[in-house]
Amino acid sequence: MTDQNTSDTALVLFSGGQDSTTCLAWALSRFARVEMLGFSYGQRHAVELDCRDRLLAGIKQMRPDWAAKLGDSHTLAIPTLSEISDTALTRDVAIEMGADGLPNTFVPGRNLVFLTFAAALAYRRGIRHIIGGMCETDYSGYPDCRDETIKALQSALNLGMAKDFELHTPLMWLDKAATWRLAHELGGAGLVDLIREHSHTCYLGERGAQHDWGYGCGECPACSLRAKGWREYVAQGGDDNH
1 MTDQNTSDTA LVLFSGGQDS TTCLAWALSR FARVEMLGFS YGQRHAVELD CRDRLLAGIK
61 QMRPDWAAKL GDSHTLAIPT LSEISDTALT RDVAIEMGAD GLPNTFVPGR NLVFLTFAAA
121 LAYRRGIRHI IGGMCETDYS GYPDCRDETI KALQSALNLG MAKDFELHTP LMWLDKAATW
181 RLAHELGGAG LVDLIREHSH TCYLGERGAQ HDWGYGCGEC PACSLRAKGW REYVAQGGDD
241 NH
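End of the sequence shown = 242 in the UniProt record's numbering, gap-free, step of one.
What follows is the structure, given as structure tokens:
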């Protein structure tokens, strides 16, 4: 959870979305080597995984210094997660609020599973730092995105694996407008444009319609948050850098 500079290797949870791409840039600005990990879990928006290669190609072309730091990109298939869940991210059903006050896009245990698998991979590869895009400032209310959850899981992972993992969540206290600003601070207008053009956020996996903030249906919670953040970023002068 700290923001210290280090020359160690980091493992970034890299889905191909706006947040994880920003986190990747954050890691590349701080660590000597960065590996990536994505998950195929039966998500409706699996197209996000296909976006990763284009994002990485763009980063390599844009920043040769970052290109030299990029290590292996891993993908783990965990279809069991969708088999045991009944959510709008893993089923072809309408997105709506549940009786528990959470949107039915919430996949129970997803981030807990992701970070546990990430720690297991990091264990094998001798990596201490794990980076995720969890955020509780401007999000859909998912309890596994909360800072308290991540801190508790870090303790559990370190106890259970007898390691000293550090889970970094650079977006935890940022709203989406601030996430756009962070992307610009890290990689300039080039990174912002790369995220707009090639990252994927839409829960429905829609890549047909292009908006000023990127591709998506424009109506699901993920698109709404991304669009709202972009409008605020532009209103604050963020797009003047183009």
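The beta carbon of each residue, even a glycine, is placed where N, CA and C say it ideally should be.
Opposing strand residues paired with residue i [DSSP bridges]
i    : result
H74  : L37
I131 : V12 and H168
Run of the beta strand (DSSP E) containing residue i, from where it starts to where it stops
i   : result
A67 : No beta strand (DSSP E) holds A67; the alpha helix (DSSP H) holding it covers P64 to A67.
V12 : T9 to L13
Reduced DSSP secondary structure (H/G/I, E/B, other) of residue i
i    : result
A214 : This sequence places Gly at residue 214; Ala is not what is there. Three-state DSSP puts G214 in a strand.
K151 : helix
T201 : coil
C220 : coil
W173 : coil
Y233 : helix
T6   : Since pLDDT at T6 reaches only 41, below the 50 mark, its modelled position is unreliable, and the value read off the structure follows with that caveat. Coil at T6, not helix or strand.
A79  : Here residue 79 turns out to be Pro, not Ala, going by the sequence shown. Here P79 sits in coil by DSSP.
G160 : helix
E206 : coil
V107 : coil
D138 : coil
G190 : helix
G42  : coil
R146 : coil
A178 : helix
N32  : It should be noted that the sequence gives Ala, not Asn, for residue 32. Coil, per DSSP.
R226 : helix
Chain D contact for residue i (CB, 8 Å cutoff)
i   : result
S73 : Absent from the structure is chain D; it holds one protein chain and no more.
Residue range of the alpha helix (DSSP H) that includes residue i
i    : result
L112 : R110 to R125
Q18  : Q18 to L28
Backbone CA spacing between residue i and residue j [nearest angstrom]
i    : j    : result
V113 : Y233 : 32 Å
C223 : G216 : 6 Å
L24  : F14  : 7 Å
G132 : D239 : 26 Å
G38  : G237 : 33 Å
W66  : P108 : 34 Å
R146 : M172 : 8 Å
K69  : F31  : 8 Å
G42  : S82  : 6 Å
T9   : I127 : 6 Å
D19  : R63  : 19 Å
R196 : D212 : 8 Å
A119 : A77  : 16 Å
S7   : A122 : With a pLDDT of 47 at S7, under the threshold of 50, the predicted position of this residue should be treated as unreliable, though the coordinate-derived value follows. Cα to Cα, the separation comes out at about 16 Å.
L55  : G17  : 10 Å
F117 : R110 : 11 Å
G208 : E48  : 13 Å
L167 : H74  : 18 Å
C135 : L174 : 7 Å
A46  : S40  : 7 Å
Y142 : G205 : 20 Å
R125 : E35  : 10 Å
G71  : L225 : 31 Å
W230 : A177 : 6 Å
Proximity test, residue i beta-carbon vs the ligand SAH heavy atom, cut-off 7 Å
i    : result
C223 : The ligand SAH is not among the ligands present in this structure, which contains no ligands whatsoever.
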